[in-house]
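Take a look at the structure set out below.
2 protein chains.
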Amino acid sequence: MHVLHDVEAFRNACSEARRAGHRVALVPTMGALHEGHLTLAREARRHAAFVACTVFVNPTQFGPNEDFARYPRDLEGDARKLASVGVDLLLAPPVEVMYPSGEQTRVRVGSLAEPLCGAFRPGHFEGVATIVTKLFALTGPCLAVFGRKDYQQLQVIRRLVRDLLLPVEILGVPTVREPDGLAMSSRNLYLQPDERQQALGLIRGLRAADSLFRQGERRAGVLRAAALAPVEEATPWIDYVSVADPDTLSIWADEVSVGERVLVAIAARVGNTRLIDNAVLGEDTLPLP
Amino acid sequence: MHVLHDVEAFRNACSEARRAGHRVALVPTMGALHEGHLTLAREARRHAAFVACTVFVNPTQFGPNEDFARYPRDLEGDARKLASVGVDLLLAPPVEVMYPSGEQTRVRVGSLAEPLCGAFRPGHFEGVATIVTKLFALTGPCLAVFGRKDYQQLQVIRRLVRDLLLPVEILGVPTVREPDGLAMSSRNLYLQPDERQQALGLIRGLRAADSLFRQGERRAGVLRAAALAPVEEATPWIDYVSVADPDTLSIWADEVSVGERVLVAIAARVGNTRLIDNAVLGEDTLPLP
């Protein structure tokens, strides 16, 4: 696996792979890689002969009081892991190249970016949309692979690609979980042992809603209340427990009867660590407890 | 010359040309083509073996009270003109493809888009940046050619390309003028004979400032006053007559001493027609009266 810091060398390597007749897959990450990321890379490899991965902790998607400075960074470890799953190329670009001096351009997706995490992290999805547009521009025509763990991000990126007519196909990959159901996340590294237990409130909430849904419950308010209870039991710091349309991300009011697919999305803090999780009931399979 | 309405066919044709080893040039226009546009196409041809042109009247760059509905449209005439200067491919895409159902993505350039026309046409440069990003995504790596007549647009697009790391080289082409100095514009079609005379106020303003500048005058206020007088004589409907930094577009205050390059930019209405013109004194050559 080649490790590059130079974006033009990366651009050329991707073009070269295409010229050689290979499909190119891109796996954009912020590093601190775990099994979830490696699943993205393996999935990319299944679909493309040439797999490129990027590691870039993107400053514009962090708010001023968020964890940009302490976000875990381990490029050597990341490179070892990516090489082990057959990634061909790793780009770790300098921030001053991704955001050149005097830069002032942003990409904004509208209503999809407003509810859920958008309401609690102003500017977050604008930062995501902007960096992803840049990474797509560097990679050129490709298959880009993202996790469904960041479900709203995935929907924002799908919309961005359609709207800007980018030559990119998006593949969403199911969330990878620890044996006890906790969604894998680089931020799990922050958790103290007691917080690690509290963190299970999120998957318990999803399971509770899923269980009712599979019994035929369709009232948004009842599903939401079922998801909320285990989260409230685990932590008082809840950003949201929402029941929403999986395509538009519009929040369903409690009195609505949801259809055969419904998004349940949760964001909550345990200690200082903000965690998110979600499931599209009727579509995703949650592991048994 | 091939005329296409299908964007994917256009994308493929551009890829095909690159695969055949040709450099691709793009000339984006809103149609109603005049000699200024044809100069862009000829310039494109000088630099690239394959020249693609687009004709698309972009709704998002027009304000609600502007001339979107009545903007001149003549695709057949445009196609004839482009064929005559050796353009290879013309794309005239449907609006519902450039702005697909549910679209909600916008590209925004910051401070460069704020002064001058940005202050009088809210959202205009966001519309320009958005459509140009889409056209670049369709064309792929290319040389894109724009006129210096729309100087602020050119600077916004240069910034956008740098900031989003797009594989596009931008070429700015000097303004093409009528024999009496009027900058060519599709909107000149709107002018009644008396308005056509009034419209010369803009070039007279630029010439007045240029003449002082060449005599060594560097006081921003004096240059601005010189440019303003002939415009005021021609029309009471002046949006701005400004003296600004040609790179940042920051407006120079009257008391500033400008450097060896200075932008003089003018926007004014004659009758119902909004006209713009500009010159970078110390860089552009204005025709003699």
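If you read the protein sequences in the order shown, they are chains P and S.
Heads up: the first sequence begins at 14 in this note's numbering, then just goes up one per residue.
Heads up: the second sequence begins at 14 in this note's numbering, then just goes up one per residue.
Where is the CB? At the ideal position from N, CA and C, for every residue including glycine.
Going by beta carbons, LEU167 (chain P) and GLY185 (chain P) fall inside the 8 angstroms limit. A straight-line Cα-Cα distance of about 21 angstroms links GLY153 (chain S) and CYS66 (chain P). Inclusion of ALA57 (chain P) and ALA38 (chain P) in the CB contact set at 8 angstroms is warranted, their separation being smaller than that value.
At the C-beta level, ARG36 (chain P) and HIS60 (chain P) come within 8 angstroms of one another. Here the alpha carbon of SER255 (chain P) sits roughly 9 angstroms from the alpha carbon of ALA238 (chain P). When the five nearest sequence neighbours on each side are left out, the beta carbons in the same chain lying within less than 6 angstroms of the beta carbon of PHE75 (chain P) are those of PHE81, in order along the chain. For PHE63 (chain P), the uninterrupted beta strand (DSSP E) run begins and ends at 63-68, by DSSP. Given a length threshold of 4 residues, each whole run of the alpha helix (DSSP H) inside the region 224-298 of chain S is given here in chain order: 233-247. Taking C-alpha positions only, VAL110 (chain S) is separated from LEU95 (chain S) by approximately 23 angstroms. Close partners of LEU95 (chain P) in chain S (Cβ separation under 9 angstroms) are lacking, with about 22 angstroms as the shortest Cβ gap. Closer than 8 angstroms to the CB of THR248 (chain P) there is not a single CB belonging to chain S. Taken through DSSP and simplified to helix, strand or coil, ALA92 (chain S) comes out as helix.
Judged by beta-carbon spacing, VAL277 (chain S) lies beyond the 8 angstroms limit of LEU151 (chain S), meaning their Cβ atoms are not closer than that value. Beta bridge pairing from DSSP links GLY123 (chain S) with no other residue.
For VAL120 (chain S), the closest Cβ of chain P is nearer than 8 angstroms.
Residues of chain P whose Cβ lies closer than 9 angstroms to the Cβ of GLN168 (chain S) do not exist; the shortest such Cβ separation is about 11 angstroms. When C-alpha distances from PRO135 (chain S) are compared across S:ALA54, S:GLU48, S:ILE289, S:GLU79, the shortest belongs to S:GLU79. The C-alpha of CYS130 (chain S) lies about 23 angstroms from the C-alpha of PHE149 (chain S).
Residue burial is scored here from C-beta neighbours: PRO302 (chain P) has fewer than 16 other C-beta atoms within 10 angstroms and is therefore classed as exposed. For ALA38 (chain S), the uninterrupted beta strand (DSSP E) segment begins and ends at 37-42. Residue environment analysis places ALA266 (chain S) among the exposed positions, since fewer than 16 neighbouring C-beta atoms fall within 10 angstroms of its C-beta. Closest in C-alpha terms to ALA212 (chain S), from the list S:THR248, S:SER199, S:PRO192, comes S:THR248.
Within the same chain, GLN168, VAL169, ARG172, LEU262 come within 6 angstroms of LEU125 (chain P) by CB-CB distance, once the 5 residues on both sides are set aside. By the beta-carbon neighbour count (other beta carbons within 10 angstroms, threshold 16), LEU202 (chain P) is exposed.
Taking a cut-off of 8 angstroms on C-beta distances, the region 187-206 of chain P does not touch the region 100-116 of chain P, as fewer than three cross pairs fall below it. Only those residues of the region 42-65 of chain S whose C-beta falls short of 8 angstroms from the nearest C-beta of chain P would be listed, and there are none. Contacts with chain S (Cβ-Cβ distance below 9 angstroms) from the region 111-135 of chain P involve MET111, TYR112, PRO113, GLY115, GLU116, GLN117, THR118, ARG119, VAL120, ARG121, VAL122, GLY123, SER124, LEU125, ALA126, listed in chain order. When DSSP states are grouped into helix, strand and coil, GLU116 (chain P) belongs to the coil group. DSSP places GLU182 (chain S) within a strand segment (E or B) once states are collapsed to three. With 16 or more other CB atoms across the displayed protein chains lying within 10 angstroms of its CB, GLY49 (chain P) is buried. The beta carbons of ASP207 (chain P) and ALA292 (chain P) sit no closer together than 8 angstroms. Out of S:ALA157, S:LEU241, S:ALA233, the CA that lies nearest to the CA of ARG274 (chain S) is found in S:ALA233. Under the Cβ criterion of 8 angstroms, PRO259 (chain P) is not counted among the residues facing chain S. For PRO72 (chain P), the closest alpha carbon among the candidates P:MET43, P:ARG55, P:VAL98 is that of P:MET43.
HIS60 (chain S): member of the alpha helix (DSSP H) spanning 48-60, first to last residue. Between ALA240 (chain S) and ALA221 (chain S), the C-beta gap is smaller than 8 angstroms, which places the two residues in contact.
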